[in-house]
Amino acid sequence: MIDVLLVSNGNKDDVENIKEKIYNLGEDFFIESNIIAVDSMEAENINFDYDFAVTMDSKVVLDKKTIDATSILLDRAGEKTEKDIQNQLLKARATHKRQKESQGK
Numbered sequence: 000m001i002d003v004l005l006v007s008n009g010n011k012d013d014v015e016n017i018k019e020k021i022y023n024l025g026e027d028f029f030i031e032s033n034i035i036a037v038d039s040m041e042a043e044n045i046n047f048d049y050d051f052a053v054t055m056d057s058k059v060v061l062d063k064k065t066i067d068a069t070s071i072l073l074d075r076a077g078e079k080t081e082k083d084i085q086n087q088l089l090k091a092r093a094t095h096k097r098q099k100e101s102q103g104k
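To convert, note that position 88 of the sequence shown is 87 in numbering that gives the first Met the number 0; the numbers rise steadily by one, no gaps.
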């Protein structure tokens, strides 16, 4: 299970749209995602371990890999952003697999 932090812009429809995109992008590779949506004001104070973040507020800066999804919402160059999200899902899955293998040995 891949943990994705979704930084909200406050619009519920946008949040659902991006969540659905992330789930669908992961489904192509049989990747299950746990998406936790938070308000942009709370994002910097998150205290759980997530694999990467997707933000709908370009002003939010986080420590981990963060993908700006505003292009998807604005329908401009969204394909590149979707590819970035898919690549992060694949990287996270590979990381989880390596961690599991190293713990099993």
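Even for Gly, the Cβ is constructed at its ideal location relative to N, Cα and C.
Quiz item: Which of helix, strand or coil does DSSP assign to asparagine 154?
Solution: Not covered by the structure: residue 154. The range shown for the chain is 0 to 104.
Quiz item: Under three-state DSSP, which class holds aspartate 12?
Solution: In the structure shown, aspartate 12 sits in a helix (DSSP, three-state: H, G or I).
Self-check item: Cβ pair glutamine 87, lysine 64 closer than 8 Å
Solution: Yes, they are a contact pair.
Quiz item: What span of residues does the alpha helix (DSSP H) with serine 7 cover, start to end?
Solution: No alpha helix (DSSP H) contains serine 7, which is instead part of the beta strand (DSSP E) from 1-7.
Self-check item: asparagine 33 (DSSP reduced to helix, strand or coil)
Solution: Three-state result, asparagine 33: strand.
Self-check item: Cα-Cα separation between glutamine 102 and methionine 0, rounded to whole angstroms
Solution: Rounded to whole angstroms, glutamine 102 to methionine 0 spans 17 Å at the Cα level.
Self-check item: Residue from Asp2, Leu61 and Lys99 whose Cα sits closest to the Cα of tyrosine 22
Solution: Looking only at Asp2, Leu61 and Lys99, the smallest Cα-Cα distance to tyrosine 22 is reached by Asp2.
Exercise. State the DSSP-derived secondary structure class of aspartate 83, mapped to helix, strand or coil.
Key: DSSP places aspartate 83 in helix when its eight states are reduced to three.
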